[in-house]
Amino acid sequence: MATVATATRGGLHENHASFLERFHARQAQKQAARQQPTLSVEEHAAHRAQLGNVRFIKPKYSDQTEINVSGIFKKWKRYCADMEVGDWKATIENLDRGTVQDFLLYVCERYKITSWGSGHEYIRQFQQLYTTVNGQYMDRNDTKELYKYYRGILVPLFGHRAPNIDGKPVLNVDNLRVILTFNIAYDASIFPGERHRINLAGCYQLLCYTGARPAELVDGERRKPEDGSIKELFGQKAVQSSSSGSGEEQDAPADQRSELLRGLLSQEPVVRGRPKALCYEDIMMMIVRHPVTGRCMPAMAIKFIHHKGADNRPKPTIFYFTPARKLLFCAISTILAIALHDQAFDAPSLTNAAIILKSKPPRFMHCIPLRWKKEMLLTPVFRRYRGAELSSEAMLYSKLRDDIGQQSLDSGYEKKWTPRFARRGAGNAANGDAPDSVRDQLMRQDPRFMTFQSAYLNENVNFDIQNAFLEEEKESQLFRLFAHVSLTRDPRATADMVPDEVWANLAPDPEIVELEEQRAQLKQGKYRIAGHEHEKQIRKLTNVIRVKRTRRVKQVVKEYREDYFYHRPTWDIERQVRGEEEEEYEEPVIDVTVPERGKLAEILCHQPDDLTEDQIAQRRIESIDLMVALCGKRETAKRSRIRQTTKTCLSVKTEPLETEHETLPSPHRFPLLLRAGQCPDCIGDERLSREERTFTYCRPTVMNDHFDDHHLVRREQAERRGEMIRCDHPDCRDIKLQHVNHFRRHVKEVHGVTLRTSEQVRQRRQRKPKFTAFMTWVDSVTTSLASNDTYTPVKNAPYAVQVVRQVNFGPQEWIRYFIPAGGGSVFVEATEDDLLEANFEKLNSYKNFRCAKHDRFFEVNLYQKNAINTHHWRATLSRPSRDIDLSFQQKRTEVDSDEIEKATEGLQQPLPSTLHHEASTPRAQHEVAERENEVRLSDCDKRPASQPDIVTSKNLLRFLLPISGTSLRSDHILTLLALDWVNKELALGLDFENRWDAELNSSNIILFLCDCFEMSVGDIVEVSEVENLVIPAIRHVELLGGHQIPGRDRLQGIVDHILDHNPTVDWVSKYGANVARVLASAPNEELLERCRDRNSKLQQDENSHRIEAAHGRHIETQDEGNFGFYSSDREIADDFGYDDYRHDYDYDDSGSMKDFTACDKECGYCGHCDY
């Protein structure tokens, strides 16, 4: 026998050695199975005696049936308690007909039953409960009377409809084409990973081609109740006779053998050993040779074993698949792509579609199977996501159900699809075209019960009986359209199409209004609920109100859509009668973010009909490879929300975006130096598109929020496990970092991105719940502020919250303080004097809200007790609202600026004359600039101390004062140079070294150099050219002394290194002298004016973004005498700060706070956005 392997292991071929290993392992398993203990003669006798006391062996129910029985069991126990009929077990053991009929009435009254099919199911479940508890079947006469009572009395009383009265929709190939095309090309939903989109396509195809129930493909098992009802009902396999409950047997000593005997009659969990979903071991992929044409092609066989009733009556069914000529419908291509993405093939060489599809079986064989890896056999094919990571668990049925329903509505269908639509479509496609036995086989139905005719046969008669009777040509194509769900499809419709005008004019629900009035009466005008005498009722009412509001929203969406589909034909007809032009509808273009998805959509959705077999094979290879690449991608925001990254400097050209067809980016496409608002982790996430990887957040604070919430925890866990930390940037993946702080330093020094320190992260995590607790309490405030019913001393409060209300961009209205009480769930008001007395200090943690409807601005600040520096802080808090609150800082800055403007007016003097000398090299020009500076400084020394350089000081002060105390704004290095110059010129004695350490990084240095370029029209400098010189210069200076050198001298050393070692670089030769001149002397007016203009533009952009962030939902407001925060009905643009960092929040219609990581840009990166 020939073997493929040539390598040897211990003198044996590798294949032979592997076989022997597997053989010995299987023999060991069989030997262990034979060693199961057997019963002795005495044990068999004891077993017979034990069985003599058994009155009834319980039926073997499936897991789903046990869950259903436990559900009716809980209803029965609740009925016995509510109706006071006695103990549930004694009542069911002595059950009479009237009790069970009354129980059925109780169920119809209190549970949502709409069809009498559901009522029949409850009756069957109660019969199973009766049998399980009593060990005997329910009396047949009582059962018949129960059915007659339900059908004759309860069904008319409660208006239960007949089953399937709303129709049994059926899918066909046209419907499958629409849903597959929409899923790949037009769906705007954001999934955790694009692999899920391919999973959906595979599920749609297999559901339509096999008629399988969804639980045969994905995880459809329900979770068992955790209240112990399953164990209580099914813990024992047998029901003992009443005489067997003596205490003798229970008091007998329990040895190992007696436990073994008892275990024979105890319910033991059955370990299936694999997920109950489609796994790789159920699929056989092969390459076959066509018996007629001789062409080799892929084929696939799927064995379905998890059909309904498989636990008791296994009926495996095998389906074979061949390649579809239309690639959109090819299930083999979809499964191959998923398998390639999972690297599931046992052959190491099967790594892409071309190798697989070009494989051939030997000449003397018909096929060659493609085996799976052993470790992949029990792995589900369609798997779910845990966060952004693909897990090893099967996809949930609920996810498949929700996605097929949402996509069907968004693609314009009138009714929401369910997986049963596809099962009906498969059965009706086979009906008449295949024998009834084959049809029942593929539907996994017993032909004796005629299940297909009663439940799955299309109620639309798919035959032109009229023309057949008239002996005319039959309209087969029209009847093909009539028989399926595509008849009323309107591509203009979407799932949620309620206009804003309807929401704005929608009358309140009287039932909800009544419940709110009841809650208000119970609260008696008080905010405090904890400890309230009606606390339980108030909380119950709150939950009921929330549920009813949600139901009302869903009801409005549903009924508006039904109204649209009912009246839209009338509107169109009336428009035609009036002679108006027909409303134009243009087929949407394929516009997606992920390039692989766009290419795949073009191939699958726009396939020509006249392709040859070779062309189709080539397209099949390309489509499979694109699906594999798409499986590794993910989206985090909608395409329309991704903004192009702004240029670092208006006069500096950034790197051009590569064309979309470059789907595999090289590391050099992503520069080592990042912007301050770019995420250092997302830049290396290859699952994201290039736009999302290079996305720049609106502010560095928002980026830090994103990093802390999505990436930091993973690194902290790795640090606790003692693992090395890696930077995900494509150029740094080989660098091993010791701990998280090492990673922070690396990101700052190499990539120019400043992350929060460990202390700042800790403070953010500690302070955020305090704001959340306060805002939750604010949302519950619905009445006027009443006096406190209980007094909580301020000195015992852990923190305090200050609320400042003012007209937006206008005067302040009031300032109020609140401290937590009642365990932190409610707040009571305090005074400013109370905070002073208790020695509270203001933290740099705040939230800003803007109500566009009322034109009000709210500032929420956090205060905390200062237990260390008591007297000093109290002395500085004599005017807390005016000295430290943000609402006063802007006004004070404007006043100070005006005073300085007046004080310096008329004192302008010319600068000392300087030498003008031209040099040939940048270094020589730098030396000239240094000599000019020495002359200028010497002249300054000769001037009286009372007459400083007023002109330059005035220019610098105009640049610095408007932004002092807030941030360094656009050019941090230039600002520090200006501060340093003013500090020395006026002998202020200030120390900016900490600021130099924080701001002297590669990104700020590059921006400073670009600002110094006095460029003419048409001049272009690539940012990468500047970056290539800055980073080596930084490293050179770090080696010479690093942070031991003062910041101003470090900057000088970096610039000197660039000018000295790169005189031939184009931008150095052109603009090096400009840079040297700025360092040698004060920044000139032209440079300051450019930066001032950019600062002004940044401020305007920030204000406009904040205004745009407000949402347009308006509800009734409170009168002026209320709390004034507009808690239940406000539109908000919100900023939240921790230690110079800011966070954004917004509120939904229910008033609950949602964390929008970048809400003012509406980028959607937080994952909570509604769009």
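Going by UniProt numbering, 668 is the number at position 668 of the sequence shown; the sequence numbering is gapless.
Virtual Cβ for every residue (Gly too), placed ideally from N, Cα, C.
Endpoints, the beta strand (DSSP E) within which residue i is located
| i | result |
| --- | --- |
| I318 | 317–321 |
| C296 | 296–304 |
| Q406 | No beta strand (DSSP E) holds Q406; the alpha helix (DSSP H) holding it covers 397–410. |
| W814 | 812–821 |
| S437 | It is not in any beta strand (DSSP E) - S437 instead sits in the alpha helix (DSSP H) that spans 436–442. |
| E829 | 826–830 |
| A394 | 389–394 |
| A238 | 238–240 |
Residue i (DSSP reduced to helix, strand or coil)
| i | result |
| --- | --- |
| S62 | coil |
| K847 | strand |
| T293 | coil |
| T757 | coil |
| Y799 | strand |
| Y1052 | Note that residue 1052 is Gln in the sequence shown, not Tyr. The answer is helix: DSSP assigns Q1052 an H, G or I state. |
| H926 | Residue confidence for H926 is low, a pLDDT of 42 falling below 50, so the modelled location carries little weight and cannot support an answer. |
| G1121 | Low local confidence applies: a pLDDT of 34 at G1121 is under 50, so the model's placement there is unreliable, with the coordinate-based value given in what follows. DSSP places G1121 in coil when its eight states are reduced to three. |
| T38 | coil |
| M284 | strand |
| N808 | coil |
Contacting residues, own chain, Cβ-Cβ under 7 angstroms from residue i (five flanking each side not counted)
| i | result |
| --- | --- |
| S70 | P225, S229, I230, L233 |
| V753 | L674, A676, Q678, P680, V747 |
Own chain, CB closer than 6 angstroms to residue i, minus 5 neighbours either side, in chain order
| i | result |
| --- | --- |
| G309 | none |
| C1012 | N1074, V1075, V1078 |
| I283 | I302 |
| L409 | K416, A495 |
| L350 | I356 |
| residue 1176 | Residue 1176 lies beyond the stretch modelled for the chain, which goes from 1 to 1171, so this question has no answer here. |
| F565 | E414 |
Rounded C-alpha distance that separates residue i from residue j
| i | j | result |
| --- | --- | --- |
| K416 | I725 | 47 angstroms |
| R744 | R756 | 8 angstroms |
| M376 | S392 | 10 angstroms |
| P156 | K112 | 15 angstroms |
| T181 | V547 | 36 angstroms |
| V218 | G432 | 30 angstroms |
| Q407 | P447 | 35 angstroms |
| A924 | V1065 | Confidence at A924 is low in this model, with a pLDDT of 45, below 50, so its placement is unreliable and no value can be given for it. |
| E1085 | A978 | 11 angstroms |
| I332 | C605 | 17 angstroms |
| Y280 | V594 | 28 angstroms |
| G211 | R619 | 28 angstroms |
| E837 | R856 | 31 angstroms |
| K276 | N1004 | 56 angstroms |
| T293 | S359 | 16 angstroms |
| C108 | V85 | 18 angstroms |
Residue i CB to nearest heavy atom of the ligand ZN below 8 angstroms
| i | result |
| --- | --- |
| V173 | In the structure shown, the ligand ZN is absent, as is every other ligand, since no ligand is present at all. |
Run of the alpha helix (DSSP H) containing residue i, from where it starts to where it stops
| i | result |
| --- | --- |
| V1078 | 1066–1080 |
| P419 | 419–430 |
| F364 | First-last for F364: undefined, no H or E at that position. |
| N543 | 535–577 |
| V1023 | 1023–1040 |
| L688 | Looking at the DSSP string, L688 is not in any alpha helix (DSSP H), and its letter there is neither H nor E. |
| residue 1225 | Look at the range of the chain in this structure, 1 to 1171, and you will see that residue 1225 is not part of it. |
| A201 | 195–210 |
| K865 | From DSSP, K865 is part of no alpha helix (DSSP H) but of the beta strand (DSSP E) over 856–865. |
Cβ neighbours of residue i in the same chain (closer than 8 angstroms, five flanking residues each side left out)
| i | result |
| --- | --- |
| G387 | P192 |
| R1090 | D1011 |
Handout entry: Any beta strand (DSSP E) of 3 or more consecutive residues that is wholly inside the region 101–161
Key = Fully enclosed beta strand (DSSP E) runs of no fewer than 3 residues are not present anywhere in the region 101–161.
Exercise for the section: Could you pull out every unbroken alpha helix (DSSP H) segment of at least 4 residues lying fully inside the region 448–486, listed in chain order? Expected result: Counting only runs of 4 or more, we get 465–469, 476–482.
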